[in-house]
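Using this note's numbering, the first residue of the sequence shown is number 533, and each one after it goes up by one.
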Amino acid sequence: MIEEHLKNHDDDNVDDFIHAYIKEMRLRKEKQEDTTLDLENLQRVIADLFVAGTETTATTIRWTMVYLLHYPEIQERCFREIQENIGQSRRPSMKDKTKLPYVEATIMEVLRRADIAPVALPHAVPHDVQFRGYTFPKGVQIIAMLDSVLQDPDVWGDPDNFRPDCFLDDSGTVVKRDEFIPFSLGRRVCLGESMARMELFLFLTTMIQRFKFVPVDGQMPSLDGIMG
Ligand code: HEM
533 MIEEHLKNHD DDNVDDFIHA YIKEMRLRKE KQEDTTLDLE NLQRVIADLF
583 VAGTETTATT IRWTMVYLLH YPEIQERCFR EIQENIGQSR RPSMKDKTKL
633 PYVEATIMEV LRRADIAPVA LPHAVPHDVQ FRGYTFPKGV QIIAMLDSVL
683 QDPDVWGDPD NFRPDCFLDD SGTVVKRDEF IPFSLGRRVC LGESMARMEL
733 FLFLTTMIQR FKFVPVDGQM PSLDGIMG
């Protein structure tokens, strides 16, 4: 695809991401700027958009379907909240998010329970680090187990249950808990978190507004995930 784009590139006719990248890359090279925009990086950014950016959100949407089938009363409560605040005549938008705390709590509970990136990405320590009596020598690889927090009974009480209410306070407002870390945390937190949460809200709200999800012939899909 990149080779095709290079052959047909026209600076005055930029209609997709690859053309936009090529235009900017050439502009910076012409100005002899120090730039990381090269063809190798273009391939990597596209891989990121597919692996980090598409597969994750799509898998979370599929998990939401599985949970809505297993918990029809939760699906019904989401539907009613959408009906009461948006209705059927228009599509949901991001402006509706604050009016749909139960839908938001349901999405958060899917992100917690489905736990689709339990080991985040590998990192390394830049210098020797002492932690709880252990020494992590400079350069050693660290794999953080996000599921040790997302599925911790001391934090959630009943982490195996699917319970959107654990993200709502007594008045039904969404509570942000420090332990809610499906996108990891710190300086290398998921770069696409806000985009992912926007996509999840818009896709799922629209789907629940328009459809009712029921199992085929009463057959429930499994709640056991397959890593990778
Ligand atoms: C439900 C959706 C998603 C989940 C659960 C998720 C989760 C994660 C996690 C756990 C990490 C590792 C952070 C770490 O190593 O500490 C990560 C990194 C990353 N994610 Fe996501 N992600 C999602 C969607 C997206 C989207 C939509 C994009 C881009 C459009 C994206 C782009 C990235 C990138 C570029 C990184 C690497 C950041 C870095 O190393 O600085 N992700 N994501």
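Glycine included, each C-beta is placed from N, C-alpha and C at the ideal position.
Using the C-alpha atoms, what's the distance from residue j back to residue i?
{"i": "glutamate 605", "j": "serine 680", "result": "29 Å"}
{"i": "aspartate 702", "j": "aspartate 690", "result": "18 Å"}
{"i": "aspartate 542", "j": "leucine 571", "result": "17 Å"}
{"i": "alanine 652", "j": "aspartate 660", "result": "22 Å"}
{"i": "tryptophan 688", "j": "cysteine 698", "result": "8 Å"}
{"i": "aspartate 525", "j": "glycine 757", "result": "Beyond the ends of the chain as shown, which are 533 and 760, falls residue 525; an answer cannot be given."}
{"i": "lysine 561", "j": "alanine 584", "result": "28 Å"}
{"i": "methionine 557", "j": "threonine 567", "result": "8 Å"}
{"i": "alanine 728", "j": "alanine 590", "result": "10 Å"}
{"i": "threonine 737", "j": "asparagine 693", "result": "22 Å"}
{"i": "cysteine 722", "j": "serine 716", "result": "7 Å"}
{"i": "methionine 677", "j": "leucine 559", "result": "42 Å"}
{"i": "threonine 630", "j": "arginine 594", "result": "24 Å"}
{"i": "lysine 563", "j": "leucine 682", "result": "48 Å"}
{"i": "tyrosine 603", "j": "arginine 719", "result": "36 Å"}
{"i": "asparagine 545", "j": "glutamate 536", "result": "15 Å"}
{"i": "phenylalanine 663", "j": "arginine 709", "result": "24 Å"}
{"i": "glycine 724", "j": "aspartate 580", "result": "10 Å"}
{"i": "valine 577", "j": "aspartate 749", "result": "42 Å"}
Give the secondary structure of residue i by DSSP, where H, G and I count as helix, E and B as strand, and everything else as coil.
{"i": "alanine 728", "result": "helix"}
{"i": "glutamine 662", "result": "strand"}
{"i": "valine 748", "result": "helix"}
{"i": "leucine 678", "result": "coil"}
If I'm right that residue i touches residue j with Cβ under 8 Å, what's the distance once you round it to whole angstroms?
{"i": "proline 753", "j": "arginine 644", "result": "Not quite, the Cβ-Cβ distance comes to about 19 Å (not below 8 Å), so this is no contact."}
{"i": "threonine 592", "j": "alanine 646", "result": "6 Å"}
{"i": "proline 633", "j": "threonine 705", "result": "6 Å"}
{"i": "alanine 637", "j": "leucine 569", "result": "Their Cβ separation, rounded to whole angstroms, is 40 Å, which puts alanine 637 and leucine 569 out of contact at 8 Å."}
Assuming contact is defined by CB atoms lying nearer than 8 Å, are residue i and residue j in contact in what I supplied?
{"i": "proline 658", "j": "lysine 670", "result": "yes"}
{"i": "glutamine 575", "j": "isoleucine 534", "result": "yes"}
{"i": "valine 672", "j": "alanine 649", "result": "no"}
{"i": "isoleucine 554", "j": "glutamine 741", "result": "no"}
{"i": "valine 598", "j": "leucine 755", "result": "yes"}
{"i": "proline 696", "j": "leucine 601", "result": "no"}
{"i": "methionine 640", "j": "phenylalanine 712", "result": "yes"}
{"i": "isoleucine 675", "j": "phenylalanine 668", "result": "no"}
Kindly examine ligand 2 and report whether one of its heavy atoms sits closer than 7 Å to the Cβ of residue i.
{"i": "valine 721", "result": "Absent from the structure shown: ligand 2. Ligands present: ligand 1."}
| task | Kindly confirm or deny that the region 720-736 and the region 615-631 touch, where touching means at least three C-beta pairs closer than 8 Å. | result | Short answer: they touch.
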